[in-house]
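First to last, the sequence lines map onto chains A and B.
Each residue of the first sequence is one higher than the one before, counting from 3 in the working numbering.
Each residue of the second sequence is one higher than the one before, counting from 15 in the working numbering.
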Amino acid sequence: NAGVTQTPKFQVLKTGQSMTLQCAQDMNHEYMSWYRQDPGMGLRLIHYSVGAGITDQGEVPNGYNVSRSTTEDFPLRLLSAAPSQTSVYFCASLSYPGELFFGEGSRLTVL
Amino acid sequence: AQRVTQPEKLLSVFKGAPVELKCNYSYSGSPELFWYVQYSRQRLQLLLRHISRESIKGFTADLNKGETSFHLKKPFAQEEDSAMYYCALSFQGAQKLVFGQGTRLTINP
């Protein structure tokens with residue numbers, strides 16, 4: 003039972019490049035989410051999904067896209083990377099009532 | 015708006031001393047509150063939730079609706095408690111969680 007798996011663990015991008023952070027879970031959770039973790043800012047919700055085909059914006063959605071074609075996968079796309087998107091990204095799935103299962107994180111640097 | 019505040023970014027105590035990590039929230043509804051912990055080189059994980067009223071690894075947290083607080087306490091700190099701690103508020107039917115800024119706890123030998 004792998005839980006929540008994120009790839010890649012590390013990535014360096016140049017400003018303007020695009021990339022996709024992959025997230026997969028094998029717990030059959032309907033709810034999945036993406037957070038970014040920045041020093042002094044805590045964890046901030048980017049986008050979330052309550053089931054296949056349904057996504058919604060969180061607190062800081064600008065510059066990111068998501069889709070949810072299957073229950074298992076919830077990729078996060080950066081369309082045109084900016085230095086302000088340098089962060090550690092966490093994918094998580096939710097087991098009621100409120101226990102989030104997190105991935106190991108993806109450290110992204112945008113130069 | 016929903017908000018969680020952890021006023022201390024860093025907290026350092028000696029082994030065996032009591033520990034209290036502060037958490038205050040603002041929410042107009044009935045809150046569900048959690049503490050998450052991230053140990054070095056481990057994933058962020060749930061430590062405890064207020065509805066369970068449980069003690070995990072010696073930690074307890076009581077919801078004080080009058081003071082809108084959910085402080086995390088442990089009477090005798092251990093070195094293995096060193097970690098990053100996040101307080102979180104759940105709302106909208108548990109579909110959204112808002113996290114505080116986090117407190118890095120260091121237990122000195």
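Beta carbons are placed, not taken as given, at the ideal position from N, Cα and C, and that holds for glycine.
Output, in chain order, the set of chain A residues within a Cβ distance shorter than 7 Å of K23 of chain B. The residue labelled residue 23 of chain B in the question sits at position 9 within the second sequence. Ordered by position in chain A, the residues that pass the 7 Å Cβ test against K23 of chain B are G42.
Ignore the nearest five residues each way along the sequence and tell me which others in T120 of chain B's own chain have a CB closer than 6 Å to its CB. Walking along the second sequence from the start, residue 120 of chain B turns up at place 106. Excluding positions up to five away in sequence, the list reads S26 and S96.
With distances taken Cα to Cα, identify the nearest neighbour of C93 of chain A among A:R38, A:L110, A:S20 and A:T73. Taking the first residue of the first sequence as position 1, residue 93 of chain A is located at position 91. Here the closest residue by C-alpha is A:R38.
Within the chosen definition, does the segment 32-47 of chain B reach the segment 80-89 of chain B through at least 3 CB pairs nearer than 8 Å? yes
What is the DSSP secondary structure of H85 of chain B, counted as helix, strand or coil? Within the second sequence, the letter at position 71 stands for residue 85 of chain B. It is coil, neither helix nor strand.
Tell me the residue span of the beta strand (DSSP E) that contains H49 of chain A. As a first step, residue 49 of chain A is located in the first sequence; it is residue number 47 there, counting from the start. It spans G44 to G53 - the beta strand (DSSP E) in which H49 of chain A sits, taken as one unbroken run.
Chain B contacts made by the segment 47-69 of chain A, where a contact means CB separation under 9 Å: L47, Y50, V52, D58, G60 and E61
On the three-pair Cβ rule with 8 Å, is the segment 103-110 of chain A touching the segment 41-61 of chain B? yes
Nearer than 7 Å: is that true of the beta carbon of L77 of chain B relative to any heavy atom of the ligand FMN? In the structure on display, the ligand FMN does not appear, and there are no ligands present to speak of.
Proximity to K79 of chain B [Cα-Cα], best of B:I70, B:F113, B:L111 and B:S44: Position 65 of the second sequence, counted from the start, is the residue given in the question as residue 79 of chain B. Residue B:S44 is the option with its Cα nearest to K79 of chain B.
Along the chain, where does the beta strand (DSSP E) containing Q59 of chain A start, and where does it finish? Against the first sequence, residue 59 of chain A aligns to sequence position 57. Note, Q59 of chain A: beta strand (DSSP E), I56 to Q59.
With a 10 Å radius around its C-beta and 16 neighbouring C-beta atoms as the bar for buried, classify A102 of chain B as buried or exposed. By one-based count along the second sequence, residue 102 of chain B stands at place 88. Flag for A102 of chain B reads buried.
Give every residue of the same chain whose Cβ lies closer than 7 Å to the Cβ of S89 of chain A, excluding the five residues on either side of it in the sequence, and list them in chain order. Here residue 89 of chain A refers to the residue found at position 87 when the first sequence is read from its first residue. Once the five neighbours on either side are set aside, the close Cβ partners of S89 of chain A are R38, Q39, D40 and L110.
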